[in-house]
Amino acid sequence: MKAVLTATAALALTACAVGPSSNTYVHAAGDTAFTGWLRFANGEFQLYGDEDQVLQPFSRPCVSGAASRDEMRQAMGDLNGAKVTITGRTAAWSQAANGRIEHAGSVIRNDCGGGFVILADDIRPAN
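Counting along the sequence shown from 1, when you hit position 66 you're at 66 in the working numbering, and nothing is skipped either side.
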């Protein structure tokens, strides 16, 4: 399952690539940890595999997700634009109802447009 999820994540992100990037996917360590650069928009986070992408509006590829409202508020203040490790699980976007997935009081609209989103339990600075 871990290999399938990691491969799916890489394929979903690289399929959305708009331009060349030195790192066109978010590295996933196991089924539940994702490392990349973080940006917040429209109540969700967007996780990028390349630091330069965070600085560019409408940059792709990325993975949308959300954590609890408290976790999101904390991360927005401290980690916007930073390299982070997010722990949680993924959900297929096909499970969305009315174009959104709710997670721990937060709403994911999937502005990244990927085939899955991250339902985060924790967001921390990456080592």
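For each residue, glycine too, the CB sits at the ideal point set by N, CA and C.
Counted within 10 angstroms of its Cβ, other Cβ atoms place residue i as buried (16 or more) or exposed
| i | result |
| --- | --- |
| GLN95 | exposed |
| ARG60 | buried |
| GLY49 | buried |
| ALA97 | exposed |
| GLN46 | buried |
| GLU102 | exposed |
| GLY88 | buried |
| GLY105 | exposed |
Anticipated Cβ contact below 8 Å, residue i with residue j, distance rounded
| i | j | result |
| --- | --- | --- |
| SER64 | ASN110 | 5 Å |
| ARG124 | GLY81 | That belief does not hold up - the Cβ atoms of ARG124 and GLY81 are roughly 15 Å apart, past 8 Å. |
| ILE86 | PHE34 | 5 Å |
| ALA126 | VAL84 | 5 Å |
Cα-Cα separation between residue i and residue j, rounded to whole angstroms
| i | j | result |
| --- | --- | --- |
| THR32 | VAL117 | 12 Å |
| GLY114 | ALA66 | 14 Å |
| ALA91 | ARG100 | 11 Å |
| VAL54 | LEU79 | 12 Å |
| ASP122 | CYS112 | 20 Å |
| PRO57 | GLY36 | 17 Å |
Any C-beta of chain B under 9 Å from that of residue i
| i | result |
| --- | --- |
| GLY114 | You won't find chain B in this structure, because it holds only one protein chain. |
Closer than 8 Å: residue i CB and nearest the ligand COA heavy atom
| i | result |
| --- | --- |
| ALA120 | As presented, the structure is devoid of all ligands, the ligand COA included, so that no description of it is given. |
(message) Extract the residue ranges of the beta strand (DSSP E) inside the region 47 to 104, only unbroken runs of 3 or more that lie entirely within it.
(response) 63 to 66, 83 to 92, 101 to 103
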